[in-house]
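Below: the structure, in structure tokens.
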Amino acid sequence: MAKMGMVFDLKACIGCNACVVACKQENSLPDGVFFTRTLSHEHGTYPNVKRVYIPTICNQCEDAPCEKVCPSGATYTRADGIVMVDKDKCIGCSSCAVACPYDMRTMLDKELFTKGLFGTGELTPFEQQGYGRYSPGTAVKCDFCSERVDAGLQPACVATCPTNARIFGDIDDPNSAPSVLIRERNGRQPLPEKNTRPKVWYVD
Amino acid sequence: MTQTNPRLVGNSFKLGYRFQRYWDTSMALAFFFAEAGAGLFLVSFHFDFLPGMIAGLAVAGTLKPYFHLAHMGVPNKSWRAILRPDRSWVSRGAIAIGVMVGFGVLYVVDLGFGLASRLGLPAGAGELAGWLAVAGALTVMCYQGMAMSDSESFTLWASTLLPASSFLYALTAGSLIALAAGWEILGERRAALADLALLLLLLDFVVVAGILVRAARKSKGGAFSVELLTRGEYAGTFIGLVFVVGLALPAAILFASATQAAALAATATMLAGFLAFRLLLFKAAVFEPIMHDLAGSLGLPSAR
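Below you can see the structure in the form of structure tokens.
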């Protein structure tokens with residue numbers, strides 16, 4: 192069975208945040224909720240200043256601490272390695288959010304679903320069509336756009352990236368694009384000392 | 487709190503430390519009442535102090551669930567919290583609370599009204615219920631620390647000393663509340679209980695100091711949390727409330743005076759420090775910068 196993973200090419204990322212917008216659109220994410228972010232960091236002193244962009248996403252860990260601590264069995268790992276949350280089983284205890292060393296879980300505040308984007312208490316048509324997939328008060332996270340993956344498509348962030356900074360595929364297949372990148376460009380995982388065995392890798 | 491530390495990036499798109507913001511005051515209160523209630527039940531059980539046992543069960547059986555449910559996003563599904571005791575400390579704790587309160591109530595009813603004999607049960611049935619309640623109480627006194635130390639996210643929490651601190655603080659709170667509330671009933675046993683409380687206050691200090699030292703040495707994120715607690719945003723509250731008001735003051739009061747008023751004062755100050763400890767452990771925990779090593783490889787100074 193395939194193990195789906197993602198590689199971020201830090202040299203290719205230009206920090207345009209198209210991935211973030213695509214993710215929000217694909218998943219109808221409420222205001223202030225992000226499944227992926229492009230973190231930025233400036234360093235150096237004028238005139239030698241540099242800004243670096245570092246995309247982040249749920250790392251779909253092999254030893255997912257969020258799954259281990261979940262008391263209700265809402266968090267589970269699919270056969271293809273994607274870590275999922277069953278909204279009907281989630282009790283909103285936040286244990287998973289606390290256990291994720293990457294801060295990649297979000298608790299859906301109930302207010303988000305009533306106040307609307309403009310805070311008027313009225314939901315926009317975009318919110319009305321998209322919020323049905325969520326259960327207020329529960330935990331949510333990136334699932335590599337599992338519905339798209341099931342349909343043979345790439346995750347929205349990957350499909351949108353204009354510089355191919357996000358490469359998605361089966362990391363168990365040594366000939367897949369992400370596996371080749373990891374091997375040839377010395378791919379590394381985020382916070383390896385946490386022993387979560389992420390399926391997201393970075394190359395630079 | 488106004489975020490003044492430039493290394494804290496809040497919920498922004500910057501690389502840096504992020505506060506733990508998922509477990510809040512409600513959870514701290516739930517932890518506090520569970521541990522204080524379980525500690526009071528355990529100490530009262532040992533000293534055959536029935537009102538203490540009832541109060542301990544009442545606190546752990548009402549205030550703990552109330553604040554835990556207040557925190558929960560979907561409280562009407564809270565029963566699901568018991569489904570994974572094989573892997574989750576939250577599940578184990580929820581079951582332990584049920585065991586402690588359920589068997590504890592049976593035990594005190596048996597003590598008061600001879601429930602076992604009225605129902606025609608064997609003589610040891612009431613006693614067995616009591617010991618099962620004690621087992622539940624011991625688990626409740628530790629599980630919250632276990633749940634926190636189980637998480638590798640926060641260096642401040644990821645220590646075997648966390649369950650020890652939970653257990654010791656619970657026992658200290660239980661000893662002092664039993665001492666203050668049962669001053670008349672306890673009689674000659676007061677001195678033993680006061681000595682136990684003094685010893686526990688000393689152990690609390692050692693364990694809290696140990697948590698700080700260990701966190702500061704383990705990682706830069708841990709050192710940053712310790713800095714927040716000892717020199718940064720929370721230093722005044724942490725040192726003032728946790729160490730001075732919560733540990734030194736009750737010890738001094740107990741040492742100086744052996745009256746019920748002194749015991750009450752020592753209990754109140756210790757509980758204030760205990761609650762502050764619970765709150766500040768949540769507030770000072772920080773997520774490490776997710777990409778610190780990679781940032782270094784890009785020619786950046788390490789974000790840590």
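So the protein lines, in turn, are chains A and B. Just so you know, the working numbering puts 253 at position 62 of the first sequence, and the rest follows in order with no gaps. Just so you know, the working numbering puts 775 at position 289 of the second sequence, and the rest follows in order with no gaps. Beta carbons: idealized from backbone N, C-alpha and C, even for Gly. Predicted, not measured: the structure shown is a model, and the values here were computed from it.
- Show which residues of chain A have a CB atom less than 7 Å away from the CB atom of Gly660/B. Under the 7 Å cutoff, chain A gives no residues; its nearest Cβ is about 26 Å from Gly660/B.
- Message: Can you find the residues in the same chain that come closer than 6 Å, C-beta to C-beta, to Gly321/A, ignoring five residues on each side of it along the sequence?
- Response: Ser219
- Item | Contact test: Met539/B Cβ vs the ligand ZN heavy atom, cutoff 7 Å | With respect to the ligand ZN, the structure offers nothing, as it holds no ligand at all.
- Message: With three or more beta-carbon pairs closer than 8 Å as the criterion, would you say the segment 276 to 286 of chain A touches the segment 491 to 503 of chain B?
- Response: no
- Spatial neighbours of Leu648/B in its chain, beta-carbon cut-off 6 Å, leaving aside the 5 residues before and after: Gly631, Met634, Ser635
- For Ser285/A, count neighbouring Cβ atoms within 10 angstroms of its own Cβ and tell me buried if that reaches 16, exposed if not. buried
- Query: Closer than 8 Å, CB to CB, is Gly312/A near chain B or not?
  - Reply: no
- Does DSSP put Arg507/B in a helix, in a strand, or in coil? coil
- Query: Going along the chain, which residues of the segment 299 to 330 of chain A sit with their C-beta nearer than 8 Å to a C-beta in chain B?
  - Reply: Leu299, Lys301, Ser326, Pro327, Gly328, Thr329, Ala330
- Task: With Ser651/B as the anchor, note down where its alpha helix (DSSP H) starts and where it stops.
- Result: 647 to 667
- Message: Suppose you measure from the CA of Ala520/B to the CA of Val371/A; what does that come to, to the nearest Å?
- Response: 52 Å
- Message: How far does the beta strand (DSSP E) with Lys215/A in it extend, from its first residue to its last?
- Response: No beta strand (DSSP E) holds Lys215/A; the alpha helix (DSSP H) holding it covers 209 to 218.
- Item | Cutoff 7 Å; reference Phe517/B; Cβ partners in own chain excluding five residues on either side | Gln630, Arg764
- So, is the C-beta of Leu230/A closer than 8 Å to a C-beta in chain B? yes
- Query: Comparing the C-beta of Asp364/A with each C-beta of chain B, is any distance below 8 Å?
  - Reply: no
- Chain-ordered chain A contacts of Lys500/B [CB-CB under 8 Å]: Leu230, Ser231, His232
- Query: What do you reckon, are the CB atoms on Ile663/B and Thr753/B nearer than 8 Å?
  - Reply: yes
- Task: Within the same chain, show all residues whose beta-carbon is closer than 7 Å to that of Arg296/A, passing over the 5 residues directly before and after it, in chain order.
- Result: Cys257, Cys287, Ala288, Ala330, Lys332
- Task: At 7 Å on the CB atoms, spell out the chain A contacts of Leu569/B, in chain order.
- Result: Pro262, Ser263, Gly264
- Item | Among Ala666/B, Ala762/B, Lys706/B, nearest to Ala683/B - alpha-carbon criterion | Ala666/B
- On the three-state DSSP scale, how would you describe Phe763/B? helix
- Task: Let me know if Glu302/A comes out buried or exposed under the rule of 16 or more other beta-carbons within 10 Å of its beta-carbon.
- Result: exposed
- Message: Just to confirm my understanding: we take Gln489/B, look at its own chain, exclude 5 residues before and 5 after, and list those with CB closer than 8 Å. What are they?
- Response: With a pLDDT of 47 at Gln489/B, under the threshold of 50, the modelled position of that residue is not reliable, and the figure given next carries that caveat. Result list for Gln489/B: Gly496, in chain order.
- Task: With 7 Å as the C-beta to C-beta threshold (strictly closer), list the residues of the segment 553 to 568 of chain B near chain A in chain order.
- Result: Met558, Gly559, Val560, Lys563, Ser564, Arg566, Ala567
- Message: Residues of chain B with CB closer than 7 Å to the CB of Tyr293/A, please, in chain order.
- Response: Ile776
- Segments of 3+ residues assigned as beta strand (DSSP E) that fall wholly inside the segment 251 to 320 of chain A: 266 to 268, 274 to 276
- Item | Beta-bridge pairing of Pro246/A - partner residues as DSSP gives them | Thr229/A
- Query: Per DSSP, Lys241/A forms a beta bridge with which residues?
  - Reply: His234/A
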